[in-house]
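As C-alpha cells, the structure follows; a few thoughts come after it.
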Amino acid sequence: MNSVPKRMDVQKAAEDVHRRTLATIPRALDRFIYLASTRDYNTGMYFHDGLAARFSAEVACEALADCHQEAYRQLLLCPVRELVSQMEAYIQSSHTRPRDFIAAWRELEPYRVAIPVRTDPFSAEFLFSNFRIALAILEERLVNSRRSLRVA
Amino acid sequence: MIELVLFFALGVIFLILLYALTRRTDVRAEGGAEALLEARQALDSLQNGLLPATLVERIFAQEDLDFVSSSCSREVRVLFLRERKRMALSWVAQVRVRVLRLWQFYSGHSRRYARLDLRTEFSLALHFASLLIACRILQALFYLRGPYAAPGIVARAIGAAGNVCVMSERSLSFLSHVNAFRPESAGNSAET
Chain L
1 MNSVPKRMDV QKAAEDVHRR TLATIPRALD RFIYLASTRD YNTGMYFHDG
51 LAARFSAEVA CEALADCHQE AYRQLLLCPV RELVSQMEAY IQSSHTRPRD
101 FIAAWRELEP YRVAIPVRTD PFSAEFLFSN FRIALAILEE RLVNSRRSLR
151 VA
Chain R
1 MIELVLFFAL GVIFLILLYA LTRRTDVRAE GGAEALLEAR QALDSLQNGL
51 LPATLVERIF AQEDLDFVSS SCSREVRVLF LRERKRMALS WVAQVRVRVL
101 RLWQFYSGHS RRYARLDLRT EFSLALHFAS LLIACRILQA LFYLRGPYAA
151 PGIVARAIGA AGNVCVMSER SLSFLSHVNA FRPESAGNSA ET
C-alpha cells in the first residue's frame with residue numbers, strides 16, 4: 001500500500017527537478033554530469049537540500065536517481081555527431097582550455113564515475129567507447145584549427 | 001546384417017536417452033535455486049541490457065559510420081571502426097553467454113519449476129539452437145569483416161533472441177516474487 005503513494009511522490013519530485021533545474025540545462029551531457037555531481041561517492045545516495053525540504057530525503061534521492069538514469073539513457077542513444085557537438089558546447093561552458101579538457105578526460109576518464117548505479121555493464125562500456133571516439137574527433141578538430149591558424 | 005545394425009543403433013540411442021534422463025534427476029535443490037536465479041538474471045540482462053532495439057540500432061548505426069567517414073581523418077575512422085568492432089564482438093559474446101545460461105537452465109532444471117508442454121519445449125529448443133548458430137555466424141562475420149558486415153543477421157538474431165525471451169519470460173513468470181526479494185547486489189551492476 002505504501003509503495004504507490006511513495007512512487008507518486010518520487011514522480012512529483014522528479015517533475016519538480018525537471019521544471020526547476022533541468023529545464024535550464026539543455027544538453028543531456030550537462031544534465032548527466034550535474035546529476036552525477038549530486039551523488040555522494042561514498043554512499044551512492046543523491047542529495048538535494050531544496051528537494052528534500054519539499055518532499056523527503058528518501059524521495060529526493062530516488063527522484064534524482066531516476067533523472068540521472070534518464071539523462072544517461074539519452075546520452076547513450078545519442079549519435080556520435082550529436083555527442084561531439086554536446087561535448088564541444090560543454091567544453092566551452094566549462095571555461096577550460098580545450099586542450100587541457102581533452103587531455104584530462106582522456107587520462108582520467110571522469111565519465112566512468114558518473115554513470116548511474118545498477119547500469120548494465122555493456123551499455124556503460126558502449127557509452128565510454130563513444131566518449132573515446134568523440135574525444136578523438138574533438139582533438140583532431142583542435143589540431144586542424146591550430147594548423148589553419150598558423151597557416152593564416 | 002542391416003537389422004543388426006539398426007537394433008544396435010536403437011540400443012545406443014536408448015542408452016543415451018537413459019543417461020540424459022538420469023543426469024536430469026541428479027540435480028540438487030540448492031543448485032537448482034541458484035540456477036533459477038541465474039536464469040532470471042540472464043533473462044533480465046538480455047531484456048533490459050543487451051536486446052533493447054534502441055541500443056542495438058545505435059551500436060550498428062550506419063549514420064555514425066557515415067559521419068566519421070565524411071568528416072574525420074583516416075586515423076579517427078580506424079579508431080571508430082576498432083571501437084565498434086570491439087563493442088559488436090562484446091555484444092554478441094554476451095548475448096551468447098546469457099542464451100547459453102538460459103539453455104542450461106532449461107535443459108537441466110526447468111522441469112523442477114515450470115510445466116512446459118512438449119510443443120513449447122521443442123519450439124524453445126529450436127529457437128535456442130538457431131540463436132546460438134546466429135551468434136556464432138555473427139561473431140565470425142564481425143571478426144573478419146567488421147561490425148557493419150551483416151545487418152540482416154543482426155536483425156534476425158535480435159528477433160530470435162526476442163522470441164526466446166518471451167518464451168522464457170512466460171515459463172519463468174512464477175519467479176517474479178523471487179526477483180522482488182533478490183538482493184540488489186545480485187543484479188548486473190556496473191558500479192565503477
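If you're matching them up, the sequences are chains L and R in order.
For the first sequence, our numbering begins at 1 and goes up steadily by one.
For the second sequence, our numbering begins at 1 and goes up steadily by one.
Each residue gets a CB set at the ideal place from its N, CA and C atoms; glycine is no exception.
Bear in mind the structure is a predicted one, so any value in this text is a computation, not a measurement.
{"Item": "Starting from R:PHE142, trace the alpha helix (DSSP H) both ways and give me its first and last residue.", "Value": "118-145"}
{"Item": "Measuring alpha carbon to alpha carbon, tell me which residue in L:ASP9, L:ARG147, L:MET8 and L:THR38 is nearest L:THR155.", "Value": "Nothing can be reported for residue 155 of chain L: it is not among the residues displayed for chain L, which extend from 1 to 152."}
{"Item": "Checking the sheet assignment: what are the DSSP bridge partners for L:ARG54?", "Value": "In the DSSP output, where bridge partners are listed per residue, L:ARG54 has none listed."}
{"Item": "Do the stretch 83-103 of chain L and the stretch 26-45 of chain L touch if we need at least three Cβ pairs shorter than 8 Å?", "Value": "yes"}
{"Item": "My understanding is that R:TYR143 touches R:PHE60, with C-beta atoms under 8 Å, so please give their C-beta distance in whole angstroms.", "Value": "No, R:TYR143 and R:PHE60 are not in contact; Cβ-Cβ is about 15 Å, not under 8 Å."}
{"Item": "Quick one, are the C-beta atoms of R:ALA207 and R:LEU102 less than 8 Å apart?", "Value": "Outside the shown range of chain R, which is 1 to 192, sits residue 207 of chain R, and nothing can be said about it."}
{"Item": "Do L:ARG106 and L:LEU135 have their CB atoms nearer than 8 Å?", "Value": "yes"}
{"Item": "For a contact defined as C-beta to C-beta under 7 Å, what are the partners of L:ALA190 on chain R?", "Value": "Nothing about residue 190 of chain L can be reported from this structure: the residues present for chain L run from 1 to 152 only."}
{"Item": "Excluding the five sequence neighbours on either side, which residues of its own chain have a C-beta within less than 8 Å of the C-beta of R:ARG77, listed in chain order?", "Value": "VAL68 and SER69"}
{"Item": "Do L:VAL80 and L:ILE33 count as a contact pair if the criterion is CB distance below 8 Å?", "Value": "no"}
{"Item": "Quick one: Cα of R:ARG58 to Cα of R:LEU6, how far?", "Value": "54 Å"}
{"Item": "Quick check: what's the CA-CA separation for L:LEU115 versus R:ILE133?", "Value": "The sequence given here places Ile at residue 115 of chain L; Leu does not occur at that position. Roughly 34 Å between the two C-alpha positions."}
{"Item": "Using three-state DSSP, classify R:TYR148 as helix, strand or coil.", "Value": "coil"}
{"Item": "Compare the C-beta of L:SER123 against all C-beta atoms of chain R and say whether one is closer than 8 Å.", "Value": "yes"}
{"Item": "Can you list the residues of chain R that L:LEU77 reaches, using a CB-CB cut of under 8 Å?", "Value": "THR54, LEU55 and ARG58"}
{"Item": "Look at the alpha carbon of L:GLU15 and the alpha carbon of L:MET45, and state the distance between them as a whole number of angstroms.", "Value": "19 Å"}
{"Item": "Spatial neighbours of R:ALA157 within its chain, please: C-beta separation below 7 Å, excluding the five flanking residues on both sides.", "Value": "LEU131, ALA134, CYS135 and LEU138"}
{"Item": "Could you name the residues that DSSP lists as bridge partners for L:ARG147?", "Value": "None; L:ARG147 has no bridge partner."}
{"Item": "What does the alpha-carbon distance come out to for the pair R:VAL164 and R:TRP91?", "Value": "17 Å"}
{"Item": "For the putative contact between L:GLN86 and L:CYS78, defined by C-beta atoms under 8 Å, what is the C-beta separation to the nearest angstrom?", "Value": "7 Å"}
{"Item": "Is the Cβ-Cβ distance between R:LEU46 and R:ALA161 less than 8 Å?", "Value": "yes"}
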